[in-house]
Each structure stands twice: as structure tokens, then as C-alpha cells.
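S.K.: For what it's worth, the numbering used here labels the leading residue of the sequence shown as 39, then goes sequentially. Note that beta-carbon positions come from the ideal geometry of N, C-alpha and C, so glycine has one too. Since the model is a prediction, treat every value here as computed from it, not as a measurement.
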Amino acid sequence: MTGEPHPSTAGRSSPPGADEPPAHREPRAGFVALIGRPNAGKSTLLNALIGVRLAAVTHKAQTTRHRIPGFLTDDETATQIVFVDTPGLLDPAYPLQEAMMRTARSAIEGVDVVAFLVDHDQPSPAERTLLVELAAADPEVLLVLTKIDQVPEAKLAAREATWREVVEWDGIHRLSAVTGDGLDALLTAVRERLPRQPYFYPEDDLTDLNLRFIAAELVREACYEELGKEVPYSVHVNVDEWTEPREPGEKTAIRATIYVERESQKGIVIGEGGRKLKAIGTRARRSIEALLESAVYLSLWVKVRKKWSRREADLRHFGYKR
39 MTGEPHPSTA GRSSPPGADE PPAHREPRAG FVALIGRPNA GKSTLLNALI GVRLAAVTHK
99 AQTTRHRIPG FLTDDETATQ IVFVDTPGLL DPAYPLQEAM MRTARSAIEG VDVVAFLVDH
159 DQPSPAERTL LVELAAADPE VLLVLTKIDQ VPEAKLAARE ATWREVVEWD GIHRLSAVTG
219 DGLDALLTAV RERLPRQPYF YPEDDLTDLN LRFIAAELVR EACYEELGKE VPYSVHVNVD
279 EWTEPREPGE KTAIRATIYV ERESQKGIVI GEGGRKLKAI GTRARRSIEA LLESAVYLSL
339 WVKVRKKWSR READLRHFGY KR
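1) Under the three-state reduction of DSSP, which class applies to Leu155: helix, strand or coil?
2) Which stretch, first to last residue, makes up the alpha helix (DSSP H) that contains Phe238?
3) Tell me which residues share the same chain as Glu206 and place their Cβ nearer than 8 angstroms to its Cβ, disregarding the 5 neighbours each side in the sequence.
4) Taking the alpha carbon of Asp219 as the point to measure from, which residue in Ala67, Asp352, Leu87, Tyr358 has its own alpha carbon closest?
5) Check the DSSP bridge columns for Thr320 and list the partner residues they point to.
6) With H, G and I counted as helix, E and B as strand and the rest as coil, what does DSSP make of Gly311?
7) Using beta-carbon positions only, say whether Ser347 and Pro133 come within less than 8 angstroms of one another.
8) Comparing C-alpha positions only, which one of Ala78, Phe109, Ser81, Leu84 sits nearest to Tyr237?
9) Where does Leu84 sit, in a helix, a strand or coil, going by DSSP?
10) With a cut-off of 8 angstroms, do at least 3 Cβ pairs link the segment 242-255 to the segment 309-317?
11) Assuming Val156 and Thr184 make a contact with CB atoms under 8 angstroms, what is their CB distance in whole Å?
12) Roughly how far, in whole angstroms, is the beta-carbon of Thr281 from the beta-carbon of Thr295, given that I think they are within contact range, below 8 angstroms?
13) Would Pro363 be called buried (16 or more neighbouring beta carbons within 10 Å of its own) or exposed?
14) Measuring only the C-alpha atoms, how far is Ser272 from Pro161?
15) Can you check the segment 156-205 for any alpha helix (DSSP H) of at least 4 residues that lies completely inside it and give the ranges in chain order?
16) Buried or exposed for Tyr358, going by 16 or more other Cβ atoms inside 10 Å?
17) Along the alpha helix (DSSP H) that carries Asp222, what are the first and last residues, could you check?
18) Hey, how far is the Cα of Val275 from the Cα of Leu353?
19) By alpha-carbon positions, which one of Asp246, Val307, Ala142, Glu136 ends up nearest to Asp123?
20) On a Cα-Cα basis, can you pick out the residue from Gly68, Lys80, Arg66 that is closest to Leu213?
21) Taking the alpha carbon of Lys267 as the point to measure from, which residue in Ser325, Val307, Arg166, Arg349 has its own alpha carbon closest?
22) If you follow the beta strand (DSSP E) that Glu279 is in, where does it begin and where does it stop?
23) Count the other C-beta atoms from every protein chain shown that fall within 10 angstroms of the C-beta of Thr245, then say buried if there are 16 or more, exposed otherwise.
24) Candidates Leu169, Leu72, Leu194: which alpha carbon is nearest Val149's?
25) How is Phe356 classed by DSSP in three states: helix, strand or coil?
26) Have a look at Leu84, Glu327, Glu171 and flag the residue whose alpha-carbon is nearest the alpha-carbon of Leu336.
27) Spatial neighbours of Arg349 within its chain, please: CB distance less than 7 angstroms, with the 5 preceding and 5 following residues excluded, ordered by chain position.
28) I need the DSSP call for Gly79, collapsed to helix, strand or coil.
29) With DSSP as the reference, label Trp339 as helix, strand or coil.
30) Out of Glu64, Ala67, Ile106, Asp112, state which residue places its alpha-carbon closest to the alpha-carbon of Gly222.
31) So Arg370 and Arg63 are in contact, right, with Cβ under 8 angstroms, and what is the actual spacing, rounded?
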């Protein structure tokens with residue numbers, strides 16, 4: 039597929055106004071929601087498009103819990119796209135997952151385009167219901183088949199044929215966020231659909247998230263990578279202190295707390311002789327240093343907050359509910 043337009047995107051005209059000098063074009067700006075099942079590739083796609091790791095990415099499902107915005111401003115095309123990464127679509131089993139689903143659905147409200155990401159063959163009843171609702175609403179909906187570098191062409195074609203029949207899509211795209219194949223075609227399609235209006239954010243901004251939030255997400259990402267199957271889903275991370283360097287050569291000092299739900303989980307996170315916590319800290323520190331492009335001293339603590347993922351007061355305290 040590399041170097042050849044996909045049939046669904048072939049023959050597209052250039053973005054409106056592409057023959058005009060950038061300084062004379064009326065800018066386009068709008069919001070694009072990235073929607074799909076857990077592990078469909080939403081966060082990987084956001085990070086690839088923005089060029090910075092804003093969203094936690096792991097091989098485990100349900101990594102994203104919050105609405106994660108990322109801004110892509112391109113002076114050459116005079117466009118600003120506000121991408122919104124969302125929690126994966128699932129049938130919620132407890133209050134935290136219910137809050138995540140409310141976040142995912144609320145992210146769709148008021149957007150100009152929905153990119154519906156798919157890495158599986160058959161749509162679930164919940165996906166069908168949501169797509170029917172979207173088809174009757176305002177945003178244009180693009181089907182985005184992800185991870186095409188991992189799927190044989192015959193299987194990919196069959197997958198696309200199945201999903202084509204679910205609703206009438208406004209566009210169909212195939213891409214790999216890892217190899218970059220298909221990203222430009224998707225961006226062109228999105229830009230064509232943005233309304234003409236001024237930018238929402240300064241051109242140099244990549245997100246409206248603060249660094250504390252992103253750092254906490256990177257620590258949580260490290261927990262997902264270093265811990266077993268169940269424990270990461272019981273983890274919440276809060277950055278308690280952030281001290282900027284006062285002198286040249288000093289490090290940014292960050293103190294964060296990893297909350298778990300049971301004493302047994304605390305022992306797992308710390309590990310024998312503190313080795314597991316050290317591994318989490320090393321992985322997270324490297325990610326934060328890459329983000330800040332400077333040295334970091336990261337101090338991690340582990341505390342038990344019993345059943346926090348099922349308690350309404352704790353979900354509000356941790357920012358999952360308002």
C-alpha cells in the first residue's frame with residue numbers, strides 16, 4: 039500500500055485553497071474525536087500525529103482514562119486540528135469504567151469529525167448503536183482501519199467490507215501509526231472537513247494539559263508495562279510536588295504517589311527489595327525526561343486507598359467525575 043492511494047481516498051482534490059499562499063488563506067480549525075475499542079490504536083495515533091507522547095500507550099487495554107487533547111497546527115495548509123483521544127468503548131462493569139464511558143461519549147459532542155478506529159473484524163452491538171447515533175448527528179464520521187502493518191491484505195479487505203455495511207461512512211482510511219503509512223491521507227481528509235474559522239489555540243501549543251497531568255500519565259504507563267495483568271487497573275497516580283530547577287545543572291524534582299486498592303497490591307508494586315518500584319520509576323523518569331528535554335529526579339510513593347475505583351467520592355477526588 040505504501041506509495042499508492044487507498045481506493046477510498048484516491049482522487050481526492052487538494053485541500054481547499056491549496057493553491058493560495060498561506061498568508062492569504064482563511065484558516066481552518068476544528069475538533070476531531072478519536073473513538074474506538076480499547077487498544078484500537080487511538081493513543082498511538084494521537085502521539086504519532088502530534089509528535090509528542092501526550093497519551094499513555096501500552097499493550098494492555100483500557101490504558102486511556104481521560105480526555106486527552108492534542109493540537110496539530112500547520113501553517114502551510116493554514117489549519118489547526120484539535121484531536122481528542124478518548125477512553126476505549128466498552129460495557130462498563132464498575133464506577134470507574136462508567137466514568138470513562140461518559141468521558142468518551144462527551145468527547146463526541148460538538149466535534150467536527152469523528153475518526154472511528156477499528157482493529158477487529160466484527161462490530162459489537164454497542165459500536166453499532168453508537169455509529170447509528172453518530173450517523174444521525176452533525177459530525178462527519180471516518181472509518182479508520184488501524185494496525186495495517188500487522189494484518190494480511192486479504193483479511194484487511196474482508197474487515198473493511200464488513201465495516202462498510204454498518205453505516206454510510208463519510209470516508210474510509212487504512213493506516214499504521216507505527217510505520218506512518220496512511221497518516222498523510224487521513225490528515226488531508228480531516229483538513230478538508232474543518233470549518234473556516236480562526237485557530238482556537240496559539241500555534242506553538244501542543245495541548246492544554248499541564249505537565250503534572252502528563253507526568254502522572256507517564257508514571258501510570260510505566261505501571262502498566264512493569265506490573266502484571268490485574269494490578270495496573272487498580273492504579274491511580276497523582277503528582278504531589280513539582281519543583282523547577284533553581285540553578286543551572288539542577289534537576290526538576292517530582293514527587294508522585296501511586297494509589298492502589300489493596301495492601302497486597304502495594305507489595306506487588308513495591309516488589310522484593312523495592313526492585314519493582316525502582317523499575318517503574320526508571321521507566322517513568324526516562325519518559326518524563328524525554329518530554330521535558332531535561333534531567334528529572336523522580337520520587338515515587340505507594341499508598342492504599344481501598345476500593346477507590348468503585349467509590350464516587352474518590353472518583354471525584356481523582357478527577358474522573360465532576
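M.R.: With the given structure in hand:
1) Against the sequence shown, residue 155 aligns to sequence position 117. In the structure shown, Leu155 sits in a strand (DSSP, three-state: E or B).
2) The residue you call residue 238 lines up with position 200 of the sequence shown. Run containing Phe238: none; DSSP gives neither H nor E here.
3) Here residue 206 is taken as the residue at index 168 of the sequence shown, counted from 1. So the list reads Ala173, once near-sequence residues are dropped.
4) Within the sequence shown, residue 219 is the residue found at index 181, counting from 1. Taking only the C-alpha atoms, the option nearest Asp219 is Leu87.
5) Here the question's residue 320 lines up with position 282 in the sequence shown. Paired residues: none, contrary to the question.
6) Counting from 1 along the sequence shown, the entry for residue 311 is found at position 273. Helix, per DSSP.
7) Locating residue 347 in the sequence shown gives position 309, where the first residue counts as 1. Locating residue 133 in the sequence shown gives position 95, where the first residue counts as 1. Yes. Within cutoff.
8) Within the sequence shown, the letter at position 199 stands for residue 237. It is Phe109.
9) For the purposes of this step, residue 84 is identified with residue 46 of the sequence shown, where counting begins at 1. Helix at Leu84.
10) no
11) Taking the first residue of the sequence shown as 1, we reach residue 156 at position 118. Taking the first residue of the sequence shown as 1, we reach residue 184 at position 146. Indeed, because the Cβ distance is near 7 angstroms, the residues count as touching under 8 angstroms.
12) Counted from its first residue, the sequence shown places residue 281 at position 243. Counted from its first residue, the sequence shown places residue 295 at position 257. Not really, about 16 angstroms apart at Cβ, beyond 8 angstroms.
13) There is no way to answer for residue 363, as the model of the chain reaches only from 39 to 360.
14) Numbered from its first residue, the sequence shown carries residue 272 at position 234. Numbered from its first residue, the sequence shown carries residue 161 at position 123. Their backbone Cα atoms lie some 28 angstroms apart in a straight line.
15) 163-173, 191-202
16) For the purposes of this step, residue 358 is identified with residue 320 of the sequence shown, where counting begins at 1. Buried, by the Cβ-count rule.
17) Position 184 of the sequence shown holds residue 222. Start and end: 221-230.
18) Start at 1 with the first residue of the sequence shown, and residue 275 comes out as number 237. Start at 1 with the first residue of the sequence shown, and residue 353 comes out as number 315. Taking the straight line from one Cα to the other gives about 13 angstroms.
19) Reading the sequence shown from its first residue, position 85 is the one you call residue 123. Taking only the C-alpha atoms, the option nearest Asp123 is Ala142.
20) Along the sequence shown, read from residue 1 onward, the residue named residue 213 stands at position 175. Nearest C-alpha to Leu213: Lys80.
21) In the sequence shown, counting from the first residue as 1, residue 267 sits at position 229. Considering only alpha carbons, the answer is Val307.
22) Here the question's residue 279 lines up with position 241 in the sequence shown. Here the beta strand (DSSP E) through Glu279 covers 274-281.
23) Taking the first residue of the sequence shown as 1, we reach residue 245 at position 207. Result: buried.
24) Taking the first residue of the sequence shown as 1, we reach residue 149 at position 111. Looking at the Cα atoms, Leu72 is the closest of the given residues.
25) What you label residue 356 is simply residue 318 of the sequence shown in a count that begins at 1. In the structure shown, Phe356 sits in coil (DSSP, three-state: anything other than H, G, I, E or B).
26) The sequence position of residue 336 within the sequence shown is 298, counting from 1. For Leu336, the nearest C-alpha among the options comes from Glu327.
27) Working through the sequence shown from its first residue, we reach residue 349 at position 311. No residues qualify anywhere along the chain.
28) Position 41 of the sequence shown, counting from 1, holds the residue named residue 79. Three-state result, Gly79: coil.
29) The residue labelled residue 339 in the question sits at position 301 within the sequence shown. Trp339: strand per DSSP, three-state reduction.
30) Here residue 222 refers to the residue found at position 184 of the sequence shown. The identity of residue 222 in the sequence shown is Asp, whereas the question assumes Gly. Answer by Cα proximity: Asp112.
31) For the chain, the structure presents residues 39 to 360; residue 370 sits outside this window and is missing.
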